[in-house]
Every structure is written in C-alpha cells, then in structure tokens.
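Protein chains in written order, with UniProt numbering: chain A, 1 to 241; chain B, 1 to 241.
Working notes, structure below.
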DNA sequence: CGACACGTTGATCGTGCTCAAAAAACGTGG
DNA sequence: CCACGTTTTTTGAGCACGATCAACGTGTCG
C-alpha cells in the first residue's frame, strides 16, 4: 500500500532492494486526514515534506480580495516539494480535497536519503522537473486556450496523471473536484465551468459523476484540448489505481 | 563581470573563497549571442545548462495553432534549470530577447560542483524553488487579475528581479520586452496590452521607453497589482546592474 | 428532516478579442 | 546620411466569451 512513492519513482529509475527499503522506511508513519484539512499554510515555516498516500490535495494561493487560484493538484504518490524546507516561509497553502492518508517526512530524513542514495535523488529531481513542467503547461493552458479546450486539457492531464488511461480511451477514475475547484484551477467562474462541462458532456467526451470522471472519448478530448502529454515526461509503466 | 552568478547566489548563502572560485570557474567560456537566438529548442536533448551573463531571454512554448506562451523571463545571473539534463527532451524553448552573453555549462561540470559543494547545491536549490514560486505567481496573475493589474504585476516583478528598485520608487531599468512579448507572457493580445499600458502611463505609474521601463510610482503600481514580493523569497542585498 | 454544499439555469453586462489600418521607430544597405 | 523594408506602436469599430447577479434544484449527511 505504502509503496506508492516507490512505484511512482520507478517510472524513471529502477531501484535495487536497498533503495526500495530506504523508500519504504520513509512512509511508515502515515496518518489519516479529512477533506478540507490543511497540510501546511501560507506563511508557515516548512519543516516537513508531505507525501500523499491516499486522496487528492490542492496547492493554492488566496488574494486579499478573496479570489483563490489553485496552482496544482496532488495525488497519491506525489511529494510536496522535496526541498521546501530550504525556504523560510511557505508562499502558498496545501489542503486535502478528499479524505486520505499522508506522511510527514522531516527535512533531515529527506536530506539523509537524498545524500545516501544518488539514484533516489535523481528520481526526486525528475519529479521536481515534471512538476515544473506541469506548472508551465497550466500557464499555457490558462494563457492561450478558451474555456472549452482549457477544461478539456485539465481533464486530460488528470486522467493521465491518475494513471487511469485505458485502452479505447473509455474509463472512469476518481476525481474529487467540484466545479468551483475546476474554475479556480483554470481561471474561470464556477458558473462558466458548469456551462462548459455541460457542453463537453453533450459532445460525448466526458461524463462527470460524484467524485469521478467518466472518460467517454479520450482521443476526441485530447484533440479539442490540444493535449500533448510530452510535458509529463512519463516513462515506463504507468501506475494504476 | 562574470561573477553575476556568485552575486545572485550570495543573496541566500555566504560563500567562502573556495566556493567562489569554483563558481567563477563555471563561467569562464562565455559567448556572445544575438537577439532572437535560441539557446535550446523544444524537443532537443538537453546536455548543457545555460547561464545568462548579459541580456534577457524568454522561455516559451508554441501551440500547433501558432499561439505562443512565454512562461518565464531570464535575466543576467539566471541559470536555465540546474538539472534539465535529467530529462530526455526539452518541453519548451529558450531564446534571447536582446543581445547578450551566455555560458554553456556541461551537465557533468554542473553535477561535479553540486556534489563537491553542498552549500552551492543548496543555493541552487533555492533558485529552483524561487523559479517555481514565480511560475505559481504567474499562474495567479493570469488566472485571477484583469489586464490592468496583470500587466502592473509583471512590471513590479521585473523591476524587483532586475534589482533596480530605488528609493522613492522612481527609476529606470533595462527591460527589452515588446508589447507583444508582454501579451504573450500574461495571456493578452498585443493590442489590448497597448491600450492597457497607455492607461498605466496616463495614471502616472510607468513610462516605457525603448527597451527601458521608467518606474514613476512603484508603491502605486504595487497597489494596483496587488504585488507582494514574498514569493520571490529574496534576502540580503539585491544585486544592482 | 433540515441545513448546507454543490449543481444548474437565465438575463445582462463588460473586458478583452478580432479585423483593419496607419503612424512611428528601427535597422540595414546603398 | 538618406531611402527603404520591417518591426513595433497606436487607434477605431464591432463582436463574443466569460463575468456578474439572481434564483432555483438536487443531493447528502448529521
């Protein structure tokens, strides 16, 4: 169960037994978290790194006028910034979007494993670079696409990242976003998101149910989104849930 | 001249003589580059890291329909992704926006210095985290602010990052962006950027000249932009140009 | 069963886009 | 140094995507 991190990192680097053991040791003390619970808040001094074992989280910033912008979604296997603890203050918050399980890894443990296992360090670097790539792609998404393609693109990304891609481009996966969340992620009003999703539904591309997204025609969705998954730098076998 | 990197990194970590020497050795073989010249292109296999010694560069992605999105501006002292070479393929391009000078650092040299000098490694991490913070802030900017505040925010950031902030909030600094560049960075049409800059000018906030931006009232600009520089995680003395 | 979160819909308004064109600034070669 | 082409800035008019305001439905859980 708790080897999600190992499985994720194994996409890029093949580990030996010792490395696997070291990774497994990181994730021993998991704790349950409820929906809406914060892992860390803007302004906090980060002393730990969080590993999501189960559930989805969101990384976001709030403006003085109350507007929120979600800047990332975190899913099982994702590590919240391998090195945040270098900074003195978080410049954003992270909260759970669904109940789940997380592990808090002390900075020292993180540094120790990085120093002891260069191949693990490299895999973690890979993750960091992929996260940055995702951030850039979100910028492209918000900056250049209009609502229809923008939401389609987000759905494509989540589908791939969730490791849920199935043959035939038809499937169903856990996706605990409210329409308001989608809006805050792609820079649209919840109302407009609602209308746009309705259009996507009517085009026979997706069919959102409670906390799930049913993918009806992934190829068509990719086409309307202009989705090219190269930026995810995925390799080897995807993780399944 | 070539110690810009050292000066930048010294914002966060104080180096001893040996560390300074190692950093200086990285930047020996600089080469001149012209405006528009590419340092690396999407799809390339990155084998080097680039250090900008002089001039500004842009990091961007192009969509099939020809739309461009600039995802970062790079200025003197900036390193283009300490670890890109881990990836097999660039997912974006980097080109010069002005003539300048750059250094190509082979991956091995980069790794060597990181392994030999933990404090340098830490400073580079800091840079990476700041770059990510900037990316997140851009997302917030495009996702939540409308044109006026959006462009104001970009100007604030560039002013601070250029190390040009002067007492009184009045000053003048090198900023080689065309209005089209601004548009591609913040997700607006060049035409709308033009009208919006006109408004900023008429409000007495800024006054753009050829390749320069004259800051007329930084405090007022910060106010309309909702600019909070915490995300730049700056410390100690800023670098001056 | 009642409260609250989430989804859905309508009507209207406005920011920013599109298309079109011209003026100004710039760079390059004769 | 001026002529010329190119890039950049500027302006106008009309349109559309998405925001805003205002309800109302629907589901879920205590």
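Yeah, the Cβ is synthetic: ideal placement off N, Cα and C, and Gly gets one too.
Practice item. Please classify residue 130 of chain B: is it buried, with 16 or more other beta-carbons within 10 angstroms of its beta-carbon, or exposed? Key: If you number the second chain from 1, residue 130 of chain B lands on position 130. Residue 130 of chain B is buried by the Cβ-count criterion.
Check your understanding: In chain order, what residues of the region 78–110 of chain B put their CB closer than 8 Å to some CB of chain A?
Key -> 81, 83, 84, 86, 87, 88, 89, 91 and 92
Practice item. To the nearest angstrom, report how far apart residue 178 of chain A and residue 81 of chain A are at their CA atoms. Key: Counting from one through the first chain, the residue named residue 178 of chain A turns up at place 178. Counting from one through the first chain, the residue named residue 81 of chain A turns up at place 81. Approximately 25 Å between the Cα atoms of the pair.
Review point. Taking all protein chains shown into account, do 16 or more other C-beta atoms lie within 10 angstroms of the C-beta of residue 69 of chain B, making it buried, or fewer, making it exposed?
Key: By one-based count along the second chain, residue 69 of chain B stands at place 69. When all chains shown are included, residue 69 of chain B counts as buried.
Point to revise | Residues within the region 135–161 of chain A neighbouring chain B, beta-carbon criterion of under 7 Å | key: 135, 136, 138, 139, 140, 142, 143 and 144
**Study point:** Neighbour flag for residue 58 of chain A against chain B, beta carbons, 8 Å
**Key:** What you label residue 58 of chain A is simply residue 58 of the first chain in a count that begins at 1. By this cut-off, residue 58 of chain A is not an interface position.
Check your understanding: If contact means a Cβ-Cβ distance below 9 Å, which residues of the region 22–45 of chain B contact chain A?
Key -> Near chain A, meaning a CB-to-CB distance below 9 Å, the residues of the region 22–45 of chain B are 42 and 43.
Exercise for review: Within its chain, find whatever has a CB closer than 8 Å to the CB of residue 88 of chain B; leave out the 5 residues flanking it on each side and keep chain order.
Suggested key: The residue given as residue 88 of chain B occupies position 88 in the second chain. Answer for residue 88 of chain B: 45, listed in chain order.
Exercise for review: For my contact list, residue 117 of chain B and residue 169 of chain B are in at a C-beta cut-off of 8 Å; report their separation, rounded to the angstrom.
Suggested key: Residue mapping note: residue 117 of chain B aligns to position 117 of the second chain, counting from 1. Residue mapping note: residue 169 of chain B aligns to position 169 of the second chain, counting from 1. That belief does not hold up - the Cβ atoms of residue 117 of chain B and residue 169 of chain B are roughly 38 Å apart, past 8 Å.
**Study point:** Option nearest residue 172 of chain A by Cα separation, candidates A:3, A:143, A:211 and A:102
**Key:** Position 172 of the first chain, counting from 1, holds the residue named residue 172 of chain A. It is A:211 whose Cα lies nearest to the Cα of residue 172 of chain A.
Check your understanding: Which class does residue 15 of chain A belong to by DSSP, given the choice of helix, strand or coil?
Key -> Sequence index remark: in the first chain, residue 15 of chain A carries index 15 (1-based). The answer is coil: DSSP assigns residue 15 of chain A none of H, G, I, E or B.
Practice item. Have a look at the DSSP bridge pairing and note the partners of residue 215 of chain A. Key: For this step, residue 215 of chain A is matched to residue 215 along the first chain. Per DSSP, A:171 and A:206.
Check your understanding: Can you round the beta-carbon distance between residue 254 of chain B and residue 176 of chain B to whole angstroms, since I take them to be within the 8 Å contact cut?
Key -> Because residue 254 of chain B is not part of the residues shown, which for chain B are 1 to 241, the question remains open.
Review point. Is it the case that the Cβ atoms of residue 249 of chain B and residue 215 of chain B are separated by a distance below 8 Å?
Key: With chain B covering only 1 through 241, there is no way to say anything about residue 249 of chain B.
Review point. Considering only the beta carbon of each residue, do residue 91 of chain A and residue 231 of chain B sit closer than 8 Å?
Key: Along the first chain, one-based indexing puts residue 91 of chain A at 91. Along the second chain, one-based indexing puts residue 231 of chain B at 231. For the pair residue 91 of chain A and residue 231 of chain B, the CB atoms are nearer than the 8 Å cut-off.
Point to revise | C-alpha gap between residue 165 of chain B and residue 54 of chain B, whole angstroms | key: The count along the second chain starts at 1 and reaches residue 165 of chain B at position 165. The count along the second chain starts at 1 and reaches residue 54 of chain B at position 54. Taking the straight line joining both Cα atoms gives about 19 Å.
**Study point:** The beta strand (DSSP E) enclosing residue 34 of chain B, as first and last residue numbers
**Key:** For the purposes of this step, residue 34 of chain B is taken as the residue at position 34 of the second chain. For residue 34 of chain B, there is no enclosing beta strand (DSSP E), as DSSP marks it with neither H nor E.
Check your understanding: Do you know how far the Cα of residue 202 of chain B is from the Cα of residue 220 of chain B?
Key -> Here the question's residue 220 of chain B lines up with position 220 in the second chain. Here the question's residue 202 of chain B lines up with position 202 in the second chain. Cα to Cα, residue 220 of chain B sits roughly 13 Å from residue 202 of chain B.
Exercise for review: Could I get the ranges of all uninterrupted alpha helix (DSSP H) runs contained in the region 93–160 of chain B, with 4 residues as the minimum, in chain order?
Suggested key: 107–116 and 118–144
Practice item. Pair every Cβ in the region 141–149 of chain B with every Cβ in the region 18–29 of chain B, then say whether three or more of these pairs are closer than 8 Å. Key: no
Point to revise | Option nearest residue 244 of chain B by Cα separation, candidates B:189, B:59 and B:86 | key: Beyond the ends of chain B as shown, which are 1 and 241, falls residue 244 of chain B; an answer cannot be given.
Check your understanding: How would you label residue 78 of chain A, buried or exposed, when you count the other beta carbons within 10 angstroms and need 16 or more for buried?
Key -> Numbered from 1 along the first chain, position 78 holds the residue referred to as residue 78 of chain A. Burial check for residue 78 of chain A: the Cβ neighbour count within 10 Å reaches 16 or more, so the residue is buried.
Review point. In whole angstroms, what is the alpha-carbon distance linking residue 185 of chain B and residue 38 of chain B?
Key: Translated into the one-based positions of the second chain, residue 185 of chain B becomes position 185. Translated into the one-based positions of the second chain, residue 38 of chain B becomes position 38. About 18 Å.
Point to revise | Among A:5, A:200 and A:187, nearest to residue 223 of chain A - alpha-carbon criterion | key: As a position in the first chain, residue 223 of chain A is number 223, starting the count at 1. The residue with the shortest Cα to Cα distance from residue 223 of chain A is A:200.
Review point. Roughly how many whole angstroms lie between the Cα atoms of residue 195 of chain A and residue 73 of chain A?
Key: Working through the first chain from its first residue, we reach residue 195 of chain A at position 195. Working through the first chain from its first residue, we reach residue 73 of chain A at position 73. So the alpha carbons of these two residues sit roughly 23 Å apart.
Review point. So the alpha helix (DSSP H) residue 61 of chain B belongs to, where does it begin and stop?
Key: Here residue 61 of chain B refers to the residue found at position 61 when the second chain is read from its first residue. Residue 61 of chain B -> not in any alpha helix (DSSP H); beta strand (DSSP E) instead, spanning 57–62.
Review point. Exposed or buried, which one is residue 132 of chain A when buried takes at least 16 other CB atoms within 10 Å?
Key: Within the first chain, numbered from 1, the residue matching residue 132 of chain A stands at position 132. By the 10 Å Cβ count, residue 132 of chain A comes out buried.
Check your understanding: Between which two residues does the alpha helix (DSSP H) containing residue 7 of chain B stretch?
Key -> Along the second chain, one-based indexing puts residue 7 of chain B at 7. Taken as a continuous stretch (DSSP letters only), the alpha helix (DSSP H) holding residue 7 of chain B covers 4–9.
Exercise for review: Within its chain, find whatever has a CB closer than 8 Å to the CB of residue 226 of chain A; leave out the 5 residues flanking it on each side and keep chain order.
Suggested key: Taking the first chain and counting its residues from 1, the one referred to as residue 226 of chain A is at position 226. Only 145, 149 and 153 meet the Cβ criterion.
Point to revise | Cβ of residue 122 of chain A within 8 Å of any chain B Cβ | key: As a position in the first chain, residue 122 of chain A is number 122, starting the count at 1. Yes, its Cβ sits closer than 8 Å to a Cβ of chain B.
**Study point:** Bridge partners - residue 69 of chain A, DSSP secondary structure assignment
**Key:** The count along the first chain starts at 1 and reaches residue 69 of chain A at position 69. Residue 69 of chain A pairs with A:61.
Point to revise | Cutoff 8 Å; reference residue 188 of chain A; Cβ partners in own chain excluding five residues on either side | key: The sequence position of residue 188 of chain A within the first chain is 188, counting from 1. Excluding positions up to five away in sequence, the list reads 147, 150, 151, 182 and 196.
Practice item. Below 7 Å CB to CB, which residues in the same chain sit around residue 102 of chain A once its five sequence neighbours on both sides are set aside? Key: Locating residue 102 of chain A in the first chain gives position 102, counting from the first residue. If we look at residue 102 of chain A and ignore the five residues flanking it on each side, its Cβ neighbours are 30, 31, 33, 39, 50, 51, 52 and 53.
Point to revise | Exposure of residue 242 of chain A, with buried meaning 16 or more beta-carbon neighbours within 10 Å | key: The requested residue 242 of chain A is not part of the displayed model; chain A covers only 1 to 241.
Review point. Do residue 125 of chain B and residue 113 of chain A come within 8 Å of each other at the CB atom, strictly closer than that value?
Key: As a working mapping, residue 113 of chain A is identified with position 113 in the first chain. As a working mapping, residue 125 of chain B is identified with position 125 in the second chain. Contact: no.
Review point. What does a CB cutoff of less than 8 Å around residue 119 of chain B pick up in its chain, not counting 5 residues either side in sequence?
Key: Against the second chain, residue 119 of chain B aligns to sequence position 119. For residue 119 of chain B, where only same-chain residues beyond five positions count, the Cβ hits under 8 Å are 13, 15 and 19.
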